[in-house]
Each structure stands twice: as C-alpha cells, then as structure tokens.
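Notes to accompany the following structure.
See below:
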C-alpha cells in the first residue's frame, strides 16, 4: 500500500490509470511491489529545503522541480515513447509539484522545457544521446507521473526515479536472444519458408542479437551496431544453410531465410512513434523519428550488401 508521507497517496484499493488496464498482471504486481516497498530516510522526510510548501525561494523551487520533470522526460524518451506522452507526463508532474505552467518541446534527440511560477520562470535543455525500447521502465515512470500526491516533494520523486532507473531488465539477455531468434525463424515460415529456413534464420538471428547486446552494452553508435549485426546475421544464416545442406537438408527459399535472419533489426518502435507524432501534427518530431528509422533500415541493407560478397551467394 502506498504511504502518503512518501509522496504517494494511500488507498484502500489500487485505482490504476486506464492505460494500465492493458498491462499484464505481472507488470501491475511489480509496480505495486516497487512503490509499496520503498522506504525513505527520516532526515529526507523532515527536510524543509526545496519543498513545495516551505521553500524559501521560488527560483530555487523551480530549479528543483525542473530537475525532476526533465529527468522524467529523459527516461520516457529513452524508453521509446512518443513525444506527446512525454510532454503530458512532464506537465502532470510540474503542476503536481506546484508549478503554474510548463511549456515543453520534445523531439527524439532532445527536450526544451520552461517552467513558470509566480511570474518567474526557469528554462532547461536536455540532449538525448541514446534511445531504445523499455516498456517496463516506461510504464513505471508514467504510473509515477499519474500517482503524485499533493504533499510530494522533488527529493522524494528523485529517490523513486533513482530506484526505477536502477532496476534490472524484466528479462535477461539469454532469454531475449532466444525469443528474438525464434520469432525470426517463425517469420521465415510465415513468408513461405520451411524447417530449413526456420533453422537457418533462428541461428543467424541468435548470433546477430548476441552481437547487438554486446555492442549496445559498450555504447557503440546505433548505425554501426545495425550494420555489424546485419552482416553477422547474414553470414551466420549462410553458415547454417551450408551446414544443413551438407547433411541433406536443401533450402528451397534461400532469400526467405536471409530476410528473416535480419528482421529483428527493423526499427518497429521508431516507425510506430513517428507515425503517431505525424498524425498529431507534431511534424518536426515525426520527421526526426522517421529519418532515424530510415537510417537504421539503411544500415540493415548496408550490412547485407557487405556480407554478400563474403558468402559468395546472391541474396536478392
């Protein structure tokens, strides 16, 4: 149960926002556990500085609020959501913490926000250097933005955001690699392939996803990651096809296997969010996201083209 002094209002039962009704029971249980298990030090609960009710300076209070608001926006953008959801969450948090108004402009690569209170304002710019997809973190941050009590302070929310940011992924890398590989193999079957193409695509995608996990861990540029992973997946799919052919399993749809082996590199989330931004006439953000997605798809093509002469086989 949420504790009011920790910045979350207490309820006899949990009143989840509408967007959580589509989440899995596991996600909802995890959210309840996270916020119910958090404890804050007594000295922080008794601290009077940068508190909405007792702050000595409106300017200092605006700065403290902006740090929290901007961090929420950054976490949501890095998790892969659309710009308007980031703006809505930032605005909810700013108003809940005592600001009169928040003006925010969000794109894929940065956030510009100005917060207003008592005829004073504070403006901050943040640059987003890396984006990905993390629905678990996104759900937690958005739920937090919808569950702030009137007594919440920036320091309290900062601790909660620290806790969310330190959380490990819901699924570990080996499981993700397995699921991605099987999904790519299934895509081969859906496109007319057989068991040979399924096996080759699964093997190629598993190696490609493994390489992608490592390269992202060392923070290599996303375009370079895409090219290297496409090249790796293509070569490994070729190796698998040759190995299966050596034991009598001849592929009848080679192109299907190669296509399925790299399908995990298609930037589905950026394409979806770009479409949503454009539909809402957030033109600049939509164009930036669409351009980013096209660059990644071009990286896939480049990786395949590099691998083609190495394997000595025509893919297209």
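Numbering (this note's numbering), first residue to last: 403 to 718.
For glycine and all other residues, C-beta sits at the position ideal for the given N, C-alpha and C.
| If we ignore side chains and look at the alpha-carbon of each, how far apart do residue 628 and residue 469 end up? | 33 Å
| query | Do three or more CB pairs link the region 530 to 548 to the region 467 to 485 at distances below 8 Å? | reply | yes
| message | Applying the 10 Å Cβ sphere with the 16-neighbour rule, what's the burial state of residue 462? | response | exposed
| query | With a Cβ-Cβ cutoff of 8 Å, do residue 607 and residue 666 count as a contact? | reply | yes
| query | Roughly how far, in whole angstroms, is the beta-carbon of residue 632 from the beta-carbon of residue 702, given that I think they are within contact range, below 8 Å? | reply | 5 Å
| said: What would DSSP say about residue 487, mapped onto helix, strand or coil? | reply: helix
| Got a sec: does the ligand GTP put a non-hydrogen atom nearer than 7 Å to the Cβ of residue 591? | Of ligands this structure carries none, so the ligand GTP is not represented either.
| said: Assess contact between the region 651 to 663 and the region 603 to 618, defined as three or more Cβ pairs (one per stretch) separated by less than 8 Å. Is contact present? | reply: yes
| query | Buried or exposed: residue 531, going by 16 or more other Cβ atoms within 10 Å of its Cβ? | reply | exposed
| query | In whole angstroms, what separates the C-alpha of residue 465 from that of residue 527? | reply | 13 Å
| According to DSSP, residues forming a beta bridge with residue 522 | 519
| message | Taking only three categories from DSSP, how would you classify residue 620? | response | coil
| query | Given residue 635, which residues of its chain have a CB within under 7 Å of its CB, disregarding the five upstream and five downstream residues? | reply | 606, 607, 609, 610, 663 and 664
| said: Once the 5 residues before and after residue 706 are set aside, which same chain residues still bring their CB inside 7 Å of it? | reply: 632, 636, 664 and 717
| said: Using the three-state DSSP reduction, which class does residue 701 fall into: helix, strand or coil? | reply: helix
| From 624, 615, 657 and 499, residue whose alpha carbon lies closest to that of residue 574 | 615
| Within 8 Å, strictly: CB atoms of residue 566 and residue 498 | no
| task | Pick out whichever of 580, 600 and 630 has its Cα sitting closest to the Cα of residue 654. | result | 600
| said: Give me, in chain order, the residues of the same chain whose beta-carbon lies closer than 6 Å to that of residue 698; leave out the 5 immediate sequence neighbours on both sides. | reply: 628 and 669
| Length at least 4, wholly inside the region 487 to 573: the alpha helix (DSSP H) runs in chain order | 537 to 547 and 556 to 568
| query | What is the DSSP secondary structure of residue 584, counted as helix, strand or coil? | reply | helix
| query | For residue 654, does the three-state DSSP call read helix, strand or coil? | reply | coil
| Contacts around residue 475, its chain only, beta-carbon distance under 6 Å, and the 5 residues preceding and following it disregarded | 488, 492 and 513
| How many Å lie between residue 649 and residue 710 at the Cα? | 23 Å
| request: Compute the Euclidean distance between the alpha carbons of residue 561 and residue 473, then round it to the nearest angstrom. | output: 12 Å
| message | Between which residues of its own chain and residue 682 is the CB-CB distance below 7 Å, once the five residues before and five after are set aside? | response | 486
| query | Using DSSP with H/G/I as helix, E/B as strand and the rest coil, what is residue 649? | reply | coil
| So, is residue 576 buried or exposed, given that buried needs 16 or more other C-beta atoms within 10 angstroms? | exposed
| request: Could you tell me if residue 638 is buried or exposed, where buried requires 16 or more neighbouring beta carbons within 10 angstroms of its beta carbon? | output: buried
| message | I'd like the list of long-range same chain contacts for residue 583, defined as Cβ closer than 7 Å, with 5 residues on each side in sequence excluded. | response | 604, 607, 608 and 611
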